[in-house]
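Numbering (our numbering), first residue to last: 241 to 469. Here the structure is laid out as structure tokens; the discussion comes afterwards.
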């Protein structure tokens with residue numbers, strides 16, 4: 241294995257690993273594509289509750305306001321996970337005919353009921369044009385963001401990049417991101433998103449059952465990103 245394996249090679253191998261774990265690759269070049277994809281997924285997974293009437297534009301705006309609006313990251317995360325007694329992510333909105341409909345956004349009881357996907361190089365335009373390396377989606381929502389650096393480069397450069405992305409462009413549905421993963425192929429860490437500033441002191445190793453560190457990106461991903469987890 242090359243000590244200077246490029247970021248692109250790492251990215252391609254990571255996407256292939258996700259495919260091997262049962263994640264489907266989706267092409268989402270920008271924020272509008274992400275929104276459209278989430279809307280389609282939400283419609284399809286709730287088609288019975290919607291009585292086979294897909295969300296109108298005005299109804300989808302209500303969905304986005306209910307999901308994100310002015311909510312803190314803590315509130316968004318709590319909404320996604322549901323409660324300990326009922327770990328189901330649900331929201332309710334008023335339809336154009338004034339009826340109330342409940343929509344499921346995440347099933348924490350039966351992992352197989354969720355849709356698992358991976359996208360790469362989603363571009364978000366803001367002060368700068370930011371390209372997110374690899375984005376993990378569950379039911380069309382971005383849940384984990386992975387940033388990579390080529391082998392031989394200090395992986396903490398990826399942490400600094402995440403900090404910049406969060407301050408510049410992680411808005412709208414990207415506020416659903418729960419976790420970040422950074423790696424240079426040989427050193428891999430994960431850390432939680434939150435309302436405050438990200439702190440490099442709260443980056444963590446992932447371990448196997450024998451408590452051995454899984455630093456290699458492929459070994460980390462094979463364990464960390466299983467659908468059941």
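No residue lacks a Cβ here, since even glycine has one placed at the ideal position from N, Cα and C.
Could you check whether residue 370 and residue 405 sit closer than 8 angstroms to each other, using their CB atoms as the reference points?
It is a contact, given that the beta carbons lie within the stated cut-off.
Based on Cα-Cα distance, which residue from 365, 337, 379 and 256 lies nearest to residue 271?
The candidate whose alpha carbon is nearest that of residue 271 is 365.
Report yes if the C-beta distance between residue 293 and residue 390 is below 8 angstroms; otherwise report no.
No. Outside cutoff.
From the DSSP output, which residues share a beta bridge with residue 292?
Bridge partners of residue 292: none, in fact.
Alpha carbon to alpha carbon, how far is residue 400 from residue 249? Give it in angstroms, no decimals.
Spanning the two alpha carbons is a distance of roughly 21 angstroms.
Flag this pair as touching only if the segment 287-301 and the segment 376-392 have three or more C-beta atom pairs under 8 angstroms; answer yes or no.
No: fewer than three Cβ pairs fall under 8 angstroms.
Is the CB of residue 288 under 8 angstroms away from at least one CB in chain D?
Note that chain D does not occur in the displayed structure, where there is just one protein chain.
Are the CB atoms of residue 282 and residue 303 within a distance shorter than 8 angstroms?
Yes, Cβ-Cβ distance for residue 303 and residue 282 is below 8 angstroms.
In the structure shown, what three-state DSSP assignment does residue 329 receive?
Residue 329: strand per DSSP, three-state reduction.
Would residue 413 be called buried (16 or more neighbouring beta carbons within 10 Å of its own) or exposed?
Residue 413 should be labelled buried.
Secondary structure at residue 308, three-state DSSP: helix, strand or coil?
Of the three classes helix, strand and coil, the one that applies to residue 308 here is coil, per DSSP.
Using CA coordinates, which residue listed in 429, 434 and 425 is at the minimum distance from residue 418?
For residue 418, the nearest C-alpha among the options comes from 434.
For the segment 327-335 against the segment 352-360, do three or more pairs of beta-carbon atoms, one drawn from each stretch, fall closer than 8 angstroms, so that the two count as touching?
Touching, no.
Output the distance between the C-alpha atoms of residue 456 and residue 422, rounded to the nearest integer angstrom.
Those two C-alpha atoms are separated by around 11 angstroms.
Under the assumption that residue 345 contacts residue 274 (Cβ atoms under 8 angstroms), give the Cβ distance between them as a whole number of angstroms.
Not quite, the Cβ-Cβ distance comes to about 15 angstroms (not below 8 angstroms), so this is no contact.
Report back the beta-carbon spacing between residue 335 and residue 299 to the nearest angstrom; my notes put them in contact at under 8 angstroms.
Their Cβ separation, rounded to whole angstroms, is 6 angstroms, which keeps residue 335 and residue 299 in contact under 8 angstroms.
For residue 287, name the three-state secondary structure that DSSP assigns.
Of the three classes helix, strand and coil, the one that applies to residue 287 here is coil, per DSSP.
How big is the Cα-Cα spacing for residue 420 and residue 430?
Rounded to the nearest angstrom, the two C-alpha atoms are 6 angstroms apart.
Can you tell me whether residue 461 is buried or exposed, with buried defined as 16 or more other CB within 10 angstroms of its CB?
It counts as buried.
Buried or exposed for residue 425, going by 16 or more other Cβ atoms inside 10 Å?
Per the 10 Å Cβ criterion, buried.
Kindly indicate which residue of 380, 257 and 256 has the alpha-carbon position closest to the one of residue 268.
Of 380, 257 and 256, the residue nearest in Cα terms is 380.
Return the CA-CA distance between residue 384 and residue 449, expressed in angstroms with no decimal places.
Roughly 23 angstroms between the two C-alpha positions.
Looking only at its own chain, which residues have a Cβ that is under 8 angstroms from the Cβ of residue 348, when we skip the five neighbours before and after it?
321, 322, 327, 328 and 329, listed in sequence order.
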